Every structure is written in structure tokens, then in C-alpha cells.
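In what follows, a structure is listed as C-alpha cells, so that the remarks can point back to it.
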């Protein structure tokens, strides 16, 4: 398996393109990730996670605005991470196909493709449902940009396209007396359990309910107000006990910093302690899956730049003097 993560022209310049290497080894599974793909006007542009978040719509979809401009999703390098998962999946598929056919192949993906795949509920147009509204928004977008309107105004125009769920109390977060709780009821039986636990009346479960009526909209707003007021009366821990007893899926909103000592995380060995050659002791996420016959183990932290140069060159047959000369000439670190 070979993994390439560069602009499309780089492998050819280095002589490590798929055509060259597969000619040497036809069983090669060659996985290439680029920013935008091998075709199209952007193909040779460099791309990093923040740029892909911007160009793919992820940044706008997230809706985080500071000082009037959209911000990147900063919890993780989302497009990078997603593309890495796609690459791993593609390599596994390529290896499986090789077991069946005896032949390798080229596996390609892009940061752009991964970012779009993360937006499956938004990167979708059903002509009968939203085709006309989308066309109207794109026309408005041209005018808004032409007149230099603030980003927040443009974002508001985009959000107006999307159906607003009035009265959504079953799949959202709530401020409690001391923090924030999330509830997730994605079907009627679970929603009824939550309604009953909160002792609220929801006419949407009653015969004859018309969701398009003005009364339905006003009722939804009032139901939301009542639910929000109720959650403020008790702490998150109290609500967890009430909702757990009622069979309502729920959980507290936590900060990442809390999770290094979280009982659930530790119970599943999701935190490992390692020693970094430069940074010293550190804690980080451990293996995220278990394998019954071939257990996974995090044995070391990421290496420092050049840490394994000598070991790798030695394994390739280079002697100490050759390695020293390569270092002195700046070929290696």
C-alpha cells in the first residue's frame, strides 16, 4: 500500500505516480488524497482544512459567526479527519478486492469530497420540494454580494430557505439550573415518554392535528417556552435521573477537558498515557475500536521530526558513515 497526499502534479514530478509504481508491482494498492481532485479549475490549488471548510459549505452550514464573519469548525480539522477515514476505508476495500482478483488498483479521494459527504442532509436538492427556493436564493446571493452586504445578512437569507421546526423540544439542548443537557427523541414513542416525563400536553399527538394551521405554529412556540422554563427549575443531574427513569435518551453537555478523567471514558480505556521525546508525559485518546484476536495498543507518542531516520536507513542497508554523510549534506534530518 502506498499513500500519497499532495497536489496532483507532485507524484509525477517525484516519479512515484500510480502508473510508474503499478508497472513495477501490479498488486499495489495506491491511495491518493488531493484537496480538490484531478479535474476541474481548482485541481492544482493547494488546500488546507480551513480552506476546504470554507469552499465546501461546511463553515457556512455550521453557522458560527464572530465579528461578522464565519469561523472554522475548530473542535477538529473536520475535512482532514474525514478524508483520512475515507482513505482508510478505500484502502481496505482495495485490499479486499486484491484478495479476490489478485490485482491492485488506485484509490482516489479528496478533502472536498469528504467535506461534502459530511453534509448529506444539506447537500441535497429535491426539485419538487426546494428547487425553486434554491434558485431564488442563488439569485438573491448574487445581488447581496454585488452590493457588499454583511455576511450575517447573507447567512440570514440562506437560513430562511430551510424549514424551521417550530416546537422542537424532543431533539435539542436545554439550559438547566446549573448547566446544559441534550435530549434525543427521534420517534413518537420516545417523544411521548419525554412529554409525559415533563407533564406537558402536545397536541401534535392528538387526532385532527393540522401542522400548517396558524394555531399549530403558535402552539409550537408556547410548547418550547414551557419546556425551556421547566428545564431551568432543576439541575442537569436531577433531569438525568428523571429522564433516565422515563426511558428518554439524554446526556450532559461536557467540555473536552472534562473527559480525560471521565468515568465512562476511562472504563473503556479510551485514554492512554504516553511519553513524548520532546513534550514529556501526555494523555491522549487511545484505540477507538477493539479486536478480539489482535488487540490494539498505543505503544508510543508521535515521533519527533527525524527521530526514526537512522533506524529506517539502517533497515534499508545504509551504514553509519553513509547516514552521517546524508545528514551533513542536508538530505535527511
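In our numbering, the protein residues as written are 174 to 506.
Built from N, CA and C at the ideal position, the CB exists for glycine as well.
Bear in mind the structure is a predicted one, so any value in this text is a computation, not a measurement.
Annotation for residue 363: the continuous alpha helix (DSSP H) segment containing it runs 361-371. If only uninterrupted alpha helix (DSSP H) runs of at least 4 residues are considered, those enclosed by the region 232-277 are 251-274.
The C-alpha of residue 449 lies about 21 Å from the C-alpha of residue 505.
If you draw a straight line from the Cα of residue 245 to the Cα of residue 382, it is about 41 Å long. Residue ranges of uninterrupted beta strand (DSSP E) with 3 or more members are absent from the region 177-202; none lies entirely inside it. Taking C-beta separations shorter than 7 Å and ignoring five residues to either side along the sequence, the partners of residue 209 in its chain run 215, 216, 218, 220, 283, 285, following chain order.
When rounded, the separation of the alpha-carbon atoms in residue 264 and residue 203 is 8 Å. Closest in C-alpha terms to residue 480, from the list 492, 457, 451, 472, comes 451.
By the Cβ test, the region 456-468 is not in contact with the region 482-493, since fewer than three Cβ pairs between them sit closer than 8 Å. Taking a contact as a CB-CB distance under 8 Å, the pair residue 184 and residue 177 counts as one, their CB atoms being some 5 Å apart. Annotation for residue 437: the continuous alpha helix (DSSP H) segment containing it runs 436-440. According to the DSSP assignment, residue 333 belongs to no beta strand (DSSP E), since it is labelled neither H nor E.
Nearest Cα to residue 373 within the set 385, 393, 388: 393. For residue 228, the enclosing alpha helix (DSSP H) covers residues 222-229.
Taking a cut-off of 8 Å on C-beta distances, the region 264-273 does not touch the region 349-360, as fewer than three cross pairs fall below it. Counting along the chain, residue 448 sits inside the beta strand (DSSP E) bounded by residues 444-449.
Residue 346 sits in a strand when the DSSP states are folded into three classes. When the beta-carbon positions are compared, residue 334 and residue 307 come within less than 8 Å of each other. In the DSSP annotation of this structure, the continuous segment of the beta strand (DSSP E) that includes residue 355 starts and ends at 353-357. Contact between residue 236 and residue 325 does not hold, since their C-beta atoms are separated by about 10 Å, which reaches or exceeds 8 Å.
Residue pairing of residue 205 in beta bridges, as defined by DSSP: 177, 281. Judged by DSSP in its simplified three-state form, residue 387 adopts helix. For residue 458, there is no enclosing alpha helix (DSSP H); the residue is part of the beta strand (DSSP E) that begins and ends at 453-458.
Judged by beta-carbon spacing, residue 419 lies within the 8 Å limit of residue 369, meaning their Cβ atoms are closer than that value.
Just so you know, the alpha carbons of residue 435 and residue 469 end up roughly 21 Å apart.
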